[in-house]
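Numbering-wise, numbering that gives the first Met the number 0 puts 435 at position 436 of the sequence shown, and it's gapless, one number per residue. Don't be surprised by glycine CBs; every beta carbon is placed ideally from N, CA and C. Just so it is clear, the structure is predicted and the values come from calculations on it, not from any experiment. Read the structure below first, then the notes.
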Amino acid sequence: MSRFSSPQDPLFQALNSSVAYDYRLAPYDLEQSSAHARMLARANVLSAEELAEIERGLSTIREEIDSDSFVVAPDDEDIHMAIERRLIELVGALGGKLHTARSRNDQVATDVAMFVRAHSLSAIELVHDLMATLVDLAERHHDWAMPGYTHLQRAQPVYLSHHLLAYFWKLRRDADRFRQAMTAAGELPLGSGALAGVTFETDREGLARELAFARVSANSIDAVSNRDFVLDYLAAAATCATHLSQLGAEVVLWSSEEFGFCQLPDSFASGSSIMPQKKNPDAAELLRAKAPRVLGHLAALHGVLHGLPLAYNKDLQEDKEHLFDAVDTIELSLRVARELLRGLSFDRERMADKAADEFLAATDVADVLVRRGVPFREAHGLVASLVRRAVESGRTLSELSQAEVAELAPQLSEDGLGELLASGAFIESKVSEGGTALARVEEQLEHARTALREAKP
Ligand code: ARG
């Protein structure tokens, strides 16, 4: 018997149906359903025989799903209805008892929370792997000098290890954000019913324990309308994707002919359809381009949720494609980033050559003047005049004559710039904590190794 006198219009079905994508919630739905069935048996809603029958049906469905032989019927609106329909086919009318004390509203919220929890953990693991790769690369290149940039203009020399470790700390914060999403998804919605709770005595604490939720939701109306944990996951993923896009962008630059700092592994490069000499950094470019897509999913879900009256609304079905695509995008990107980094080979000489650019010592020269009592602003101006003289006459700083130095910056006249500009001196001068001097980088590497051990998922 149905409330309706005519069948659904196929156009409406096409809009309404989510089974094509929420199919991937099936493992969580089955796990939830068997815990729910056991709870119903404890509450004497199901007899021991009925529970055994239902568990048998659910495990048959699990096998069908695992072997890709589960058949979705045309009227299955979503995976929850598909599983229930199949259960009734397998165990008869008894299958219809499984929906006692449960609505699709608390059911779907529970599945999605389980999915977010599982994939937050995958993200933490993948982020951790990438952090380990960065530490490894930093160790292997700990004393390789390179130019550091601001505004993409050569600024001051740094060690490659220092630069790579910058990504390590960004990723460590990403792992914290995914951990936070996992905590947020740790509240059990099941037992909230459609919105108001259910009329049966349900052992929600027991369900939470069985399904590994840390606690049960406090308010049934909140529970069925809550997708905050999806927002938290998407926010974590968007920030992480942004970091990977920065990394991708740098690999694109560094592997270019112009920079020539590194060579891409052949296994992560592509050729051009017309220019035989090309080795293109497509993998790095795509890492760069994925971030807005993940951010788009976050913005879209905020759009879905904003202004939504409580409690459940079908709008909430729109959480899934945003979540699933973000999960697939970030997990693939993290895997690619790790392999791409592992395969890079850096050109030590080329980087050292650019890092030895004497203009990168300008701040250090100003600091020498400061030590001789010149206020920094003034010192900055004096060094700027030395730089200008050199640039205008096509020379380097050390090519300025003693007389020119004495004329423009008299405080430097006795010893000139010689010692300061000697190779290495102005990279090793950055001795502040977290700075690029080698001893500080070694210290940072030690901190990174400790952080890596502590963050082990
Ligand atoms: N497919 C729906 C979703 O993903 C399941 C919940 C449907 N509930 C309902 N009352 N129509 O949100």
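query: Compute every distance between the C-beta of residue 17 and the non-hydrogen atoms of the ligand ARG, then say whether any falls below 6 angstroms.; result: yes
query: Tell me, which residues are paired with residue 145 by DSSP?; result: 157
query: For residue 449, count neighbouring Cβ atoms within 10 angstroms of its own Cβ and tell me buried if that reaches 16, exposed if not.; result: exposed
query: Sorry if obvious, but does the Cβ on residue 107 come closer than 6 angstroms to a heavy atom of the ligand ARG?; result: yes
query: Is the region 9–24 in contact with the region 90–99, if contact means three or more CB pairs nearer than 8 angstroms?; result: no
query: For residue 155, does the count of other Cβ atoms within 10 angstroms reach 16, so buried, or fall short, so exposed?; result: buried
query: Can you list, in chain order, the residues of its chain with a C-beta nearer than 8 angstroms to that of residue 412? Leave out the 5 residues immediately preceding and following it.; result: 401, 404 and 405
query: For my contact list, residue 419 and residue 360 are in at a C-beta cut-off of 8 angstroms; report their separation, rounded to the angstrom.; result: 6 angstroms
query: Cβ of residue 81 within 7 angstroms of Cβ of residue 119?; result: no
query: As a quick exercise: from 391, 59 and 22, pick the residue whose alpha carbon is nearest that of residue 111.; result: 22
query: Looking at residue 12 and the ligand ARG, is the gap between the Cβ and the nearest heavy atom below 6 angstroms?; result: no
query: Buried or exposed: where does residue 218 fall if 16 or more other Cβ atoms within 10 Å of its Cβ makes it buried?; result: exposed
query: Can you name, in chain order, every residue of its own chain whose Cβ lies under 7 angstroms from the Cβ of residue 277, other than the five neighbours on each side?; result: 270 and 271
query: To the nearest angstrom, how far is it from the Cα of residue 108 to the Cα of residue 439?; result: 48 angstroms
query: Applying the 10 Å Cβ sphere with the 16-neighbour rule, what's the burial state of residue 149?; result: exposed
query: Considering Cα atoms alone, identify which of 253, 283 and 257 is closest to residue 266.; result: 283
query: Roughly how many whole angstroms lie between the Cα atoms of residue 230 and residue 205?; result: 27 angstroms
query: For residue 77 versus residue 115, is the C-beta distance shorter than 7 angstroms?; result: no
query: If the criterion is Cβ atoms closer than 7 angstroms, does the pair residue 210 and residue 34 meet it?; result: yes
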